[in-house]
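Below is one structure; the comments refer to it alone.
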Amino acid sequence: ANAMHFNASKLVFAEEDLGLSATYTPWLRSLGLNDVYLAYLTGYYKLDDLQTLGFGLRYFSLGSIQFTDFNGEPLTTGRPNEFEITGAYARKLTDNFSAAISAKFIYSNLAAGQEVQGEVIEPGLAGAADISFTYEGPIKLENNNSLLRVGLALTNMGSKITYTNSVNRDFLPANIGLGAAWEIEMDQYNTITFA
């Protein structure tokens, strides 16, 4: 289920028909901040051997923040947060190769209600898509079974975002990810993976 975050095309290779994952990650606890965290809920459902649907809900709380003016004088206190809702469709194109497309809605409320240079800050809204691919196939070795996995993901391709009524909008941070893992079965109880 965690493949939703990096490469949704991997979902179609899942052995189980249904999967769910919940993650809570506290941020900056060693600095004494107890209200900054990332919560993430993901899951998938296999329609059949060739198709899988996935979903994700991510919430990031930036805690309580004291807003100040240009001179550092306190103004108000805010609770910035962001969330993302994602849906994905993954399909096997061959026995060893799959592709997926994900669509996401992004809501980013960093400083709503504040005013900067005469412009009122509002929550930012954006839409984006991810396209991903996975190859997963055996590699023949003399005495051991092995499996090679290679993934490619193009993420956050979408609209621009702004926090004001300005016509100047900013790109979302688009990414290209490429990874590989080679898993070698040493015996019936042990495997080693190079990634």
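Using this note's numbering, you'd call the opening residue of the sequence shown number 35 and step up by one each time.
Just so it is clear, CB atoms sit at the ideal spot from N, CA and C, and this is done for glycine as well.
Does residue i come out as helix, strand or coil in the three-state DSSP assignment?
{"i": "M220", "result": "coil"}
{"i": "S193", "result": "coil"}
{"i": "L206", "result": "coil"}
{"i": "A145", "result": "coil"}
{"i": "A37", "result": "helix"}
{"i": "V150", "result": "strand"}
{"i": "L175", "result": "coil"}
{"i": "L67", "result": "coil"}
{"i": "M214", "result": "Reading the sequence as shown, one finds Ala at residue 214 and not Met. Three-state DSSP puts A214 in a strand."}
May I ask you to list the residues that DSSP assigns as paired with residue i?
{"i": "R125", "result": "Q85 and A133"}
{"i": "D164", "result": "S136"}
{"i": "E170", "result": "R183"}
{"i": "R92", "result": "Y74 and E118"}
{"i": "T59", "result": "L72"}
{"i": "P108", "result": "T102"}
{"i": "L188", "result": "I165 and I210"}
{"i": "G97", "result": "BP columns for G97 are empty, so no partner."}
State the CB to CB distance for the pair residue i and residue j, rounded to an integer number of angstroms; the pair is presumed to be in contact (CB under 8 Å).
{"i": "V46", "j": "K126", "result": "5 Å"}
{"i": "F117", "j": "Y79", "result": "The Cβ separation is near 22 Å, so there is no contact."}
{"i": "G158", "j": "I195", "result": "4 Å"}
{"i": "N177", "j": "N143", "result": "At roughly 57 Å, the Cβ-Cβ gap does not stay under 8 Å, so N177 and N143 are not in contact."}
When the distance is taken between beta carbons, is residue j closer than 8 Å to residue i?
{"i": "D122", "j": "S132", "result": "Looking at the sequence provided, one finds Ala at residue 122 rather than Asp. No."}
{"i": "A145", "j": "G192", "result": "no"}
{"i": "A73", "j": "Y58", "result": "yes"}
{"i": "A214", "j": "T227", "result": "no"}
{"i": "L182", "j": "F167", "result": "no"}
{"i": "S95", "j": "Y71", "result": "yes"}
{"i": "N179", "j": "E219", "result": "yes"}
{"i": "T110", "j": "E156", "result": "no"}
{"i": "T102", "j": "M38", "result": "no"}
{"i": "A134", "j": "A42", "result": "yes"}
{"i": "L91", "j": "L75", "result": "yes"}
{"i": "Y291", "j": "N130", "result": "Lying outside 35 to 229, the shown extent of the chain, residue 291 is not represented and no answer is given."}
{"i": "F40", "j": "G147", "result": "no"}
For the ligand PLP, is there any heavy atom lying closer than 7 Å to the beta carbon of residue i?
{"i": "G147", "result": "Annotation note on the ligand PLP: not contained in the displayed structure, which lists no ligands."}
Exercise for the section: Determine, using beta-carbon pairs with one atom in the stretch 78 to 87 and one in the stretch 61 to 68, whether at least three such pairs fall under 8 Å. Expected result: no
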